[in-house]
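Working notes for the structure below.
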Amino acid sequence: MSALITEDEIREETEIVWLEDATALDYVRQSLDRLPTRKGKPAYHRDGRMVGYALLGPGAKASRSSGTFRRRVFWLLPHDRDTEPSGLYATGAPAEAVDPGTLAPGVKGFKTERSEGGPPSSAMQELGITLPL
Numbered sequence: 001m002s003a004l005i006t007e008d009e010i011r012e013e014t015e016i017v018w019l020e021d022a023t024a025l026d027y028v029r030q031s032l033d034r035l036p037t038r039k040g041k042p043a044y045h046r047d048g049r050m051v052g053y054a055l056l057g058p059g060a061k062a063s064r065s066s067g068t069f070r071r072r073v074f075w076l077l078p079h080d081r082d083t084e085p086s087g088l089y090a091t092g093a094p095a096e097a098v099d100p101g102t103l104a105p106g107v108k109g110f111k112t113e114r115s116e117g118g119p120p121s122s123a124m125q126e127l128g129i130t131l132p133l
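Numbering-wise, the sequence shown is residues 1 to 133 according to UniProt numbering.
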């Protein structure tokens with residue numbers, strides 16, 4: 001989950017592939033999954049839907065014990081804010097959620113006012129600033 005993902009674990013990322021328009025999403029859930037390859041679209045085995053995934057460069061090493069690679073996968077569940085705006089996460093966000101606008105290869109991402117469902121303060125809006133939480 002996002003709090004457990006370290007920059008060291010994702011330093012070999014070369015690209016994030018979005019399957020949906022990430023700018024339209026207030027948050028995405030992220031996890032570090034064990035996958036058989038460095039690249040390509042991974043299989044998805046959760047409820048909900050995968051909205052993106054990371055690709056790894058040639059320097060990424062496979063696990064000695066499993067032969068798998070740790071890659072980030074970005075996803076949403078059926079009860080997340082994008083499908084139920086007034087539901088459980090109308091405000092706040094799941095622990096593993098981050099604002100997709102703060103994600104980049106090798107950057108784990110952050111919670112922001114937007115991802116938490118709260119509007120930025122008027123002063124922040126006037127300055128055009130959204131701070132990570």
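Where is the CB? At the ideal position from N, CA and C, for every residue including glycine.
Here the structure is a predicted model, which means the values were calculated and not measured.
Report the partner residues of residue i according to the DSSP bridge assignment.
| i | result |
| --- | --- |
| residue 56 | 13 |
| residue 69 | 35 |
| residue 107 | 104 |
| residue 64 | Residue 64 pairs with nothing; no bridge assigned. |
Taking only three categories from DSSP, how would you classify residue i?
| i | result |
| --- | --- |
| residue 77 | coil |
| residue 32 | strand |
| residue 97 | strand |
For residue i, count the other beta carbons within 10 Å of its own beta carbon; 16 or more makes it buried, fewer makes it exposed. Which is it?
| i | result |
| --- | --- |
| residue 2 | Since pLDDT at residue 2 reaches only 41, below the 50 mark, its modelled position is unreliable, and no value is offered. |
| residue 115 | buried |
| residue 52 | buried |
| residue 85 | exposed |
Rounded C-beta distance between residue i and residue j? I'm assuming under 8 Å.
| i | j | result |
| --- | --- | --- |
| residue 73 | residue 33 | 5 Å |
| residue 18 | residue 46 | With 8 Å as the limit, residue 18 and residue 46 do not qualify as a contact, their Cβ atoms being about 17 Å apart. |
| residue 10 | residue 54 | 7 Å |
| residue 49 | residue 96 | That belief does not hold up - the Cβ atoms of residue 49 and residue 96 are roughly 15 Å apart, past 8 Å. |
Tell me which residues share the same chain as residue i and place their Cβ nearer than 8 Å to its Cβ, disregarding the 5 neighbours each side in the sequence.
| i | result |
| --- | --- |
| residue 56 | 12, 13, 14, 38, 39, 69, 71 |
| residue 81 | 26, 27, 87, 89, 90, 93, 117 |
Counting only the same chain and skipping the five closest in sequence on each side, list residues whose C-beta sits under 6 Å from that of residue i.
| i | result |
| --- | --- |
| residue 43 | none |
| residue 102 | 109, 110 |
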